[in-house]
Amino acid sequence: MSNSNTGASVEIIRFLEWDETDAAGHHHYASVFRWVEELEAKLYRDLGLPVTLFGQIPRVKVQMEYRRRIFFGEVVRTQLNVIRVGNSSMELDFKAFVGDEIAAEGNYIIVHSPDKETGSKTWPAEWKKKFLNE
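Laid out in structure tokens, this is it:
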């Protein structure tokens, strides 16, 4: 997992809620992915990008490693960072912490594909600057 943070970033702090647990009594594996998608939406809102972007950015690679179980009621701090922006792709990494301990971490790559018929398109220059904090 990449530790670099070269671009825009966002963070949320939340409790692990009961409906986010599984039969084993700790977080359901998909919970972290939901938090990451919530952070991604926050990132785009904070950067002033259109809400329609979500239908135009398929994930082409996703990976996550679980380091620690998270239990109901624990406080979780989740961070999302832009680490690379290509012509039409972007790589983001994320970490979920309980205290100072990493509970989960991963990264994923999205591709800007506003037209389903023609494939990927170059990011608009002003968006790329926002992603990179320029």
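Numbering (full-length UniProt numbering), first residue to last: 1 to 134.
Heads up, the beta-carbon is just placed ideally off N, CA and C, and yes, glycines get one too.
Bear in mind the structure is a predicted one, so any value in this text is a computation, not a measurement.
Which first and last residues belong to the alpha helix (DSSP H) in which residue i is found?
i	result
A125	125 to 131
R45	29 to 46
Considering residue i, what are the terminal residues of the beta strand (DSSP E) in which it resides?
i	result
V62	59 to 66
A96	89 to 98
T21	Unbroken run through T21: none, as it is neither H nor E.
Cβ of residue i within 8 angstroms of Cβ of residue j?
i	j	result
E134	I109	no
W35	A96	yes
E37	H27	no
Kindly give me the distance between the Cβ atoms of residue i and residue j, rounded to whole angstroms, as I take these residues to be in contact under 8 angstroms.
i	j	result
K128	V85	5 angstroms
Applying the criterion that 16 or more other CB atoms from any shown protein chain within 10 Å of the CB defines a buried residue, is residue i buried or exposed?
i	result
D100	exposed
T52	exposed
K130	buried
Cβ contact (3+ pairs, closer than 8 angstroms) linking the stretch 103 to 119 and the stretch 63 to 70: yes
Meets three-Cβ-pair contact criterion under 8 angstroms: the stretch 71 to 86 and the stretch 54 to 63: No contact exists between the stretch 71 to 86 and the stretch 54 to 63.
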